[in-house]
Structures are given as C-alpha cells and as structure tokens.
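What follows is a short report on a single structure.
Residue numbers (the numbering used here), protein chains in the order written: chain Z, 1 to 112; chain E, 1 to 112.
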C-alpha cells in the first residue's frame, strides 16, 4: 500500500509556462513534506519542503502548496525552463524519525 | 555538496554471491540511510543508522544487512545476491533536524 502517490507518471510543459506536479498521501500522521529533483545517473537533490503547520512555501521559481484536509500537495514551477526537465519525487515523513516515504516520481519535460 | 561518495558506482555480479556497497561521508553527520530506486516504486528505505553501531530496518530490509563501525562509513551488504536486488542504490545523510536528506551519486547493481 503506497502511502505517497504521484499519479501522473509524466508531464510535458512549454518553456515559460507553469508546471504543476501533484502528490497525494494517505497517512495523516505525516507532518513534513519534501520535493526532490533527479537527473539521470545522479542522486536526487533536495528542492523544497513544507511543514504541516504551513500551507505554502516559496523559494524562487518553486512553490509548494499543502492541503491537509485533502491530503494533497503540489509543486508549482514558474516559469518552467528546459533545465527543469527531470524526475520529481514527492516525499513525506512523520515525527523526528527522519525516515522518508517517497512517491514513484513524475517525469517533467519542458519543451523549448 | 554534502561530501557523500559511494563505491563502487557500477557492479555486475552473479546470483548467490555476497556484495558490499560502501557509503562514505566527510561531514560527520549522525544519520545515514540506504535506499533502492526501482521503476514504479520511487525510492524505498532499506536500512538506516542514527549513530555508530546504531542501525534499524526500513521498509524493504529483507536480504540486506548494514554496519556502521565509524561515523563516516555506512556499509550495505547483500549476503547472497538475487536478481530481485538488481537496482540503483542510494546512500543519504541527514544534516539537520528538519529531515532534509542529501543523497550520494548512486550505485547501479546488476545481479545476473
């Protein structure tokens, strides 16, 4: 039973437009959420995070929104750039255990 | 750069042979993790460590063991490799209290 789900395996967006990546979770005990980006043949790199006490966190072109009642979070990238083309993983954790549960990932392609 | 290296970066082995993967960090961080990445599953936690000689199981620990005799090294051992353990293995470290993990470059393991 996957506790963190990314239901869109892939997403294609035109350069300059907004990319919206979605993530759903089932465990209401999760209190910290993260997004990672991964290029081929490299390790995942941390992008942005949000605590369950917030509903929005912004860092430059990247904004993460959290809807606790819907158990849903999303990552917005504005404007999208070709270098953003990568696999994006959503992850969640609870308490101070530091154990992350990942979604299956979404492949983002930004077309120039 | 969190100073994480993994060795080897690529390995091909045969079913039934033992395999040890090494993760090395240069920053003396307390928490270290081993994940495997498989299509459709994202990253799944195998084992983690919260200090020298302190380790615990993750989501997919069967068939794997770990050891941490020094702060900087975290070893993952497949006692008798099986084809189902063909995967890309990532080591990660935790640098602060809010659960951000930083990943190494990965080891691609093929078990024939």
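No residue lacks a Cβ here, since even glycine has one placed at the ideal position from N, Cα and C.
Treat the numbers as computed from the prediction; the structure is a model and nothing was measured.
Presumed contact (8 angstroms Cβ cut-off) between residue i and residue j, rounded CB distance
| i | j | result |
| --- | --- | --- |
| residue 87 (chain E) | residue 22 (chain E) | Going by Cβ atoms, the distance from residue 87 (chain E) to residue 22 (chain E) rounds to 16 angstroms, so no, they are not a contact pair. |
| residue 31 (chain Z) | residue 5 (chain Z) | 18 angstroms between Cβ atoms; not a contact. |
| residue 90 (chain E) | residue 43 (chain E) | 7 angstroms |
| residue 33 (chain Z) | residue 92 (chain Z) | 5 angstroms |
Residue interval of the beta strand (DSSP E) (run including residue i)
| i | result |
| --- | --- |
| residue 89 (chain Z) | 86-93 |
| residue 92 (chain E) | 87-94 |
| residue 112 (chain E) | Segment: none, residue 112 (chain E) is in no beta strand (DSSP E) and carries neither H nor E. |
| residue 31 (chain Z) | It is not in any beta strand (DSSP E) - residue 31 (chain Z) carries neither H nor E in the DSSP assignment. |
| residue 39 (chain Z) | From DSSP, residue 39 (chain Z) is part of no beta strand (DSSP E); its letter is neither H nor E. |
| residue 107 (chain Z) | 106-111 |
| residue 56 (chain Z) | 56-59 |
| residue 78 (chain Z) | That residue, residue 78 (chain Z), is in no beta strand (DSSP E); it is neither H nor E in DSSP. |
| residue 67 (chain Z) | 62-67 |
| residue 122 (chain E) | Because chain E spans 1 through 112 in this model, residue 122 (chain E) falls outside it and cannot be assessed. |
Reduced DSSP secondary structure (H/G/I, E/B, other) of residue i
| i | result |
| --- | --- |
| residue 65 (chain E) | strand |
| residue 16 (chain E) | coil |
| residue 40 (chain E) | coil |
| residue 19 (chain Z) | strand |
| residue 9 (chain E) | coil |
Check whether the segment 8-23 of chain Z touches the segment 5-16 of chain E, counting contact only when three or more Cβ pairs, one atom from each stretch, lie closer than 8 angstroms.
Inter-segment contact for the segment 8-23 of chain Z and the segment 5-16 of chain E is absent: fewer than three beta-carbon pairs are separated by less than 8 angstroms.
Contact between the segment 65-81 of chain E and the segment 72-79 of chain Z is defined here as three or more beta-carbon pairs at a separation below 8 angstroms; is this criterion met?
No: the two stretches stay apart, fewer than three of their Cβ pairs being nearer than 8 angstroms.
Are three or more beta carbon pairs between the segment 86-95 of chain Z and the segment 28-45 of chain Z nearer than 8 angstroms?
As far as the Cβ criterion goes, the segment 86-95 of chain Z touches the segment 28-45 of chain Z, which means the pair count is three or higher.
Between the segment 25-36 of chain E and the segment 59-76 of chain Z, do three or more beta carbon pairs fall short of 8 angstroms?
Touching, no, given that fewer than three Cβ pairs across the two stretches are closer than 8 angstroms.
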